[in-house]
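Below is one structure, written out as structure tokens, with a few remarks after it.
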Amino acid sequence: MAVKIYLSPSNQNGNRYAYGSTNEMEQCNRIAAAAEKHLRRNGYEVKRAPKGQDMTQSIRESNAWGAALHLAIHTNAGGGSGPLVMVYSKAPGNLKYAQPVYDALLTRSARKKGYGVRVGTEMTAGNYMPAELSGTNAVAVYCECEFHDQEPLAKWIVANVDGLGEAIAKGICKADNRTYQPEKPSVPKASQTVYRVQVGAFYEKANADALAKRLKQDGYKPIVKADTLRS
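Numbering-wise, the numbering used here puts 75 at position 37 of the sequence shown, and it's gapless, one number per residue.
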């Protein structure tokens with residue numbers, strides 16, 4: 039049976055990016071779509087929360103579906119750089135997915151530095167535990183992929199959503215001891231040579247139409263085209 043992964047991208051459209059007319063919700067949904075694509079190719083069953091869905095509904099949906107892993111996808115603010123992955127506790131079951139996902143995000147990151155895997159209460163204002171870590175039945179991993187409040191990093195996120203989604207998928211595959219199957223490059227279609235046959239040319243259109251009619255009766259698909267002769 040395929041492992042069930044629930045992806046919960048940020049719905050925070052008020053968190054504006056320092057680059058472009060975009061926000062956290064838009065880009066995290068793009069990252070989630072990329073992660074879903076790469077996970078499905080590697081044999082996972084994936085459910086992705088609809089864009090803009092309330093977090094409490096996503097938690098209910100994840101629990102009702104029976105997800106094995108609930109993965110929240112966000113981008114960060116506060117002037118730093120690099121990924122952060124949060125867990126409810128550092129129990130081995132939580133770290134199984136959290137550490138490989140963090141490692142893959144760090145490898146993919148713009149500046150190759152980050153904040154590690156931390157317990158949620160260590161990294162939130164007021165030391166509260168994010169609901170997607172405390173309210174989910176599944177093992178929960180909360181990803182802050184990169185910081186969006188600096189223009190160079192925000193621009194980097196926008197340009198690297200597929201790579202971030204792939205990093206998440208690679209980390210999950212590593213946690214499950216699966217050999218990651220990369221996307222196969224598209225193979226351009228081989229060019230084909232077409233041989234065209236001109237049956238006749240007439241100064242009177244009626245004659246051309248008459249020949250076209252006979253050709254149609256014989257099962258061909260003639261084209262009557264007017265050309266201008268130049269002296």
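The beta-carbon is built from N, C-alpha and C at its ideal position, and this holds for glycine as well.
All values derive from a computational prediction rather than experimental measurement.
query	result
Cα-Cα separation between residue 148 and residue 209, rounded to whole angstroms	17 Å
Length of the line joining the Cα atoms of residue 124 and residue 108	12 Å
Which residues DSSP lists as bridging residue 240, in chain order	None, per the DSSP bridge assignment.
Residue 143 and residue 85 closer than 9 Å at C-beta	no
Rounded separation between residue 202 and residue 70 - CA only	9 Å
Residue from 222, 173, 54 and 170 with nearest C-alpha to residue 195	54
Nearest residue (CA-CA) to residue 150, options 179, 174 and 185	185
Residue 145 versus residue 231 - alpha carbon distance	46 Å
Reference residue 262; option with closest CA among 256, 255, 244 and 52	244
Buried versus exposed call for residue 177 [16 or more other C-beta atoms within 10 Å across all chains shown]	buried
Limits of the unbroken alpha helix (DSSP H) element including residue 172	169-172
Expected contact under 8 Å - CB spacing of residue 101 and residue 175 to nearest Å	5 Å
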